[in-house]
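A quick write-up on the structure given underneath.
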Amino acid sequence: MKKLFAQIYIWLLLALLYAPLVFIAIFSFTESRVLGNWTGFSTKLYGNLFTGGMNGGGALLSAVENTLIIALIAAAVSTLLGTIAAIGIYNLRGRKKQTMQFLNNIPMINPDIITGVSLFLLFVFLGFSQGYVTVVLAHITFCTPYVVLNVMPKLSQMNPNIYEAALDLGATPSQALWKVLVPELRPGMISGFILAFTMSLDDFAVTFFTRGTIGLDTLSTYIYTDARKGGLTPELRPLMTLIFLIVLILLIVINIRAEKASKKA
Amino acid sequence: MIKRSYWSLPYFIFMVVFVVLPLILIVLYAFQDGNGHFTLSNVTRFFTDSDSLSTFALSIEVAIENTLICILLGYPAAWILSNKQLNRSAVTVMLFIMPMWINALMRTLATAELFNVLGVTLGKGTLLFGMVYDYIPFMIYPIYNTLMKMDKSYAEAAEDLGANPWTVFWKVTVPLSMPGVMSGVLMVFMPTVSTFAISEFLTNNKIKLFGTIIQENINSSMWNYGAALAFIMLIIIGITSLIGEGKQSETEGGLI
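So the protein lines, in turn, are chains P and X. Under numbering that gives the first Met the number 0, read the first sequence as residues 0 to 264, first letter to last. Under numbering that gives the first Met the number 0, read the second sequence as residues 0 to 255, first letter to last.
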């Protein structure tokens, strides 16, 4: 009885959470430009999405492309910067270490809008013209702390003697770094990279304030402008459905792998 | 490895330029007029402008309501998910976490569109519904995590000593899971106050929240007033994170 009640509660909550997404997915299979108006099954919107044949003239596709490129660059640079920083911070002591950890926390505590407005003022102050570069810099700013947080535990779990042993056995410091240290840190670097990548994909406010006026759009800013114009570009429906499916599949794969790994262990 | 401490230097310089300096600039712009002279008028304007004040009050109200609803709906869900007798599948847990990985704007827009098609008038009700919809995963996840890590022997001990399930829940489980609730509150409350796109979508721009007026001022080149509003938000963040930290160390101290 208790179990039944619990199951009903869980699935009711899930049904509410997923209703809008399912609704969008259903109406991605009809041609109607007005949402909620079923005009028969069609995959035309999916075709439009991939050929760029739509009213926006491929603006949506280039927004998707920008989003992915910015996220890849930001995640890659953040992983590099954050890993080097984590090794440095790990070797610091006392007040210096505390200061670095405090600074590292700031971008994570700040709401997006504060990060966005403050960086906007910075670029105005420095006279930087805003566009691709400023957006990437801004994304690196809020992504790197998560890489640092993911790499630090790997450093403390690691046995520092292995590194010393490598040096004693004649490895040069750079060999010891690449053959010993980096492999030990790799899991933390990978989870840091994935987190940075998704944070960047998800971002709206920071991009909004740092993209300038050159018409640079990511998926988030595209959706924002599109919704304010009134009337949603119909091709967003198949796009949302595809993103939804990709995330679902990725999470299932990750979960199955994690479960297998824990069973082996 | 000892000598590698200077490796923190590039990141230190990076943070000074992209984290510290921008925050200083918010304060600087907040206390300057358009010509760069020192003034308090931006800050006093906020406290004398009834529009700004009522927007601010409404934002705090919506954020408190949203946080409370998220706890009320999310806590039971997290509890059921963490309970091995009631839920054995990892899939349901994953389904609750998944929305966190999907662009919030996209999910909000889908919600707003669904309301439109159903013919629900956009307003405060839809705003709250959408906010809960957007933020509840961020409440469930940390609570679920603390409940999973919780040492079950405390609850068993209470049971053995004659407490009924209700007492066990309120006197043992809830207090032990407070750190999770606190981090959930931190992840829900401040983002609700500062969001702007979400409230615009869900109310068709009828209701403005604090984030929206910051955005409007910055975008219409009223940087100084925008910076003053951002400065006020910074102070609130400082206060809430201090309270949050104080509470958290209290509960942790209490456990040991």
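Positions of the beta carbon are idealized from the N, C-alpha and C atoms, including for glycine. Please read all numbers here as calculations on a predicted model, not as lab measurements.
- request: Output yes or no for whether 9 Å exceeds the beta carbon distance between residue 9(X) and residue 195(P).
  value: The criterion of a C-beta distance shorter than 9 Å is not satisfied by residue 9(X) and residue 195(P).
- request: Check whether the Cβ atoms of residue 229(X) and residue 29(X) sit closer than 9 Å, and answer yes or no.
  value: Note that the C-beta distance between residue 229(X) and residue 29(X) is below 9 Å.
message: Between 201(X), 225(X), 200(X), 219(X), which has its C-alpha nearest residue 209(X)'s C-alpha?
response: Selected option, being the one with the closest Cα: 225(X).
query: Are the C-beta of residue 92(P) and some C-beta of chain X separated by less than 9 Å?
result: Closer than 9 Å: yes.
message: Whole angstroms are fine: how far does the CA of residue 258(P) sit from the CA of residue 246(P)?
response: Rounded to whole angstroms, residue 246(P) to residue 258(P) spans 18 Å at the Cα level.
- prompt: If residue 69(X) sits next to residue 187(X), beta carbons under 8 Å apart, how far is it from one beta carbon to the other, in whole angstroms?
  reply: Right, the Cβ-Cβ distance comes to about 5 Å (below 8 Å), so this counts as a contact.
message: Quick check on this structure: which residue in 68(P), 113(P), 73(P), 115(P) has the alpha carbon closest to the alpha carbon of residue 218(P)?
response: Ranking the options by Cα distance to residue 218(P), first place goes to 68(P).
- prompt: From residue 100(X) to residue 75(X), what does the alpha carbon distance come to, in whole angstroms?
  reply: Their backbone Cα atoms lie some 22 Å apart in a straight line.
Residue 61(P) to residue 137(P) span [Cα, whole Å]: Their Cα atoms are separated by approximately 20 Å.
Minimum Cβ-Cβ distance from residue 22(P) to chain X less than 9 Å: Interface residue (Cβ-Cβ distance to chain X less than 9 Å): residue 22(P) is classified as such.
- prompt: Thinking C-alpha only, which one of 40(X), 223(X), 242(X), 240(X) is nearest residue 25(X)?
  reply: Closest by alpha carbon: 223(X).
- prompt: Is the region 103 to 122 of chain X in contact with the region 220 to 227 of chain P, if contact means three or more CB pairs nearer than 8 Å?
  reply: They touch, by the three-pair rule.
- prompt: Does the beta carbon of residue 99(P) come closer than 9 Å to any beta carbon on chain X?
  reply: For residue 99(P), the nearest CB of chain X lies under 9 Å from its own CB, placing it at the interface with that chain.
field: Cβ-based contacts, 8 Å cut-off: residues of the region 211 to 229 of chain X near chain P
entry: Across the region 211 to 229 of chain X, CB contacts with chain P closer than 8 Å involve 213, 214, 217, 222, 225, 226, 229, in sequence order along the chain.
- request: Assign residue 12(X) to one of two classes, buried (16 or more other C-beta atoms within 10 Å of its C-beta) or exposed (fewer than that).
  value: When all chains shown are included, residue 12(X) counts as exposed.
- request: Using three-state DSSP, classify residue 29(P) as helix, strand or coil.
  value: Residue state, collapsed to three classes: strand.
field: Selection from 135(P), 50(P), 36(P), 255(P) that minimises the alpha carbon distance to residue 117(X)
entry: Among 135(P), 50(P), 36(P), 255(P), the Cα nearest to that of residue 117(X) belongs to 36(P).
Residue 102(P) versus residue 7(X): straight-line alpha-carbon distance, rounded: When rounded, the distance between both Cα atoms is 12 Å.
message: Let me see if you follow: with CB-CB separation under 9 Å, is residue 256(P) close to chain X or not?
response: Answer no: the Cβ-Cβ gap between residue 256(P) and chain X never drops below 9 Å.
field: Contact set between the region 218 to 237 of chain P and chain X, restricted to residues whose Cβ is under 7 Å from the partner
entry: Cβ contacts with chain X come from 218, 219, 222, 223, 226, 231.
message: Using C-beta distances below 6 Å, list every residue in its chain close to residue 52(X), excluding the 5 sequence neighbours before and after it, in chain order.
response: So the list is empty, once near-sequence residues are dropped.
message: As a quick exercise: from 238(X), 171(X), 82(X), pick the residue whose alpha carbon is nearest that of residue 153(X).
response: Ranking 238(X), 171(X), 82(X) by Cα distance to residue 153(X) puts 171(X) first.
field: Test: residue 251(X) CB closer than 9 Å to a CB of chain P
entry: With a pLDDT of 37 at residue 251(X), under the threshold of 50, the modelled position of this residue cannot be trusted; read the value that follows with caution. Not closer than 9 Å to any Cβ of chain P, the Cβ of residue 251(X) fails to qualify, so no.
- request: Pick out whichever of 123(P), 160(P), 162(P), 80(P) has its Cα sitting closest to the Cα of residue 188(P).
  value: For residue 188(P), the nearest C-alpha among the options comes from 80(P).
Validate contact between the region 92 to 110 of chain P and the region 167 to 175 of chain P using beta carbons, cut 8 Å, 3 pairs: Result no; under three Cβ-Cβ pairs closer than 8 Å.
field: Bridge-paired residues (DSSP) for residue 37(X)
entry: DSSP output for residue 37(X) lists 31(X) as bridge partner(s).
- prompt: Does any residue of chain P bring its CB to less than 9 Å from the CB of residue 200(X)?
  reply: At least one C-beta of chain P is nearer than 9 Å to the C-beta of residue 200(X).
message: Checking 9 Å against the spacing of the C-beta atoms, do residue 128(X) and residue 110(X) come in under that value?
response: Closer than 9 Å, so yes.
Contact set for residue 127(P): own chain, Cβ-Cβ below 7 Å, skip 5 residues either direction: If we look at residue 127(P) and ignore the five residues flanking it on each side, its Cβ neighbours are 133.
query: Cβ of residue 84(P) less than 9 Å from any chain X Cβ?
result: Cβ-Cβ to chain X under 9 Å: yes for residue 84(P).
- prompt: So is residue 76(X) in contact with chain P if we call contact Cβ pairs under 9 Å?
  reply: Closer than 9 Å: yes.
message: For residue 253(X) and residue 177(X), I'd like the C-alpha separation in whole angstroms.
response: Here residue 253(X) scores only 31 on pLDDT, less than 50, and its place in the model should not be relied on; the value that follows carries that caveat. Whole-angstrom Cα-Cα distance: 11 Å.
- request: Report the three-state DSSP secondary structure of residue 40(P) (helix, strand or coil).
  value: Collapsing the DSSP output to three states places residue 40(P) in a strand.
- prompt: In whole angstroms, what separates the C-alpha of residue 73(X) from that of residue 228(P)?
  reply: Their backbone Cα atoms lie some 35 Å apart in a straight line.
query: Which of helix, strand or coil does DSSP assign to residue 207(X)?
result: DSSP places residue 207(X) in coil when its eight states are reduced to three.
Residues near residue 266(P) by beta carbon distance below 7 Å, same chain, minus five either side: Here chain P has residues from 0 to 264 only, and residue 266(P) is not among them.
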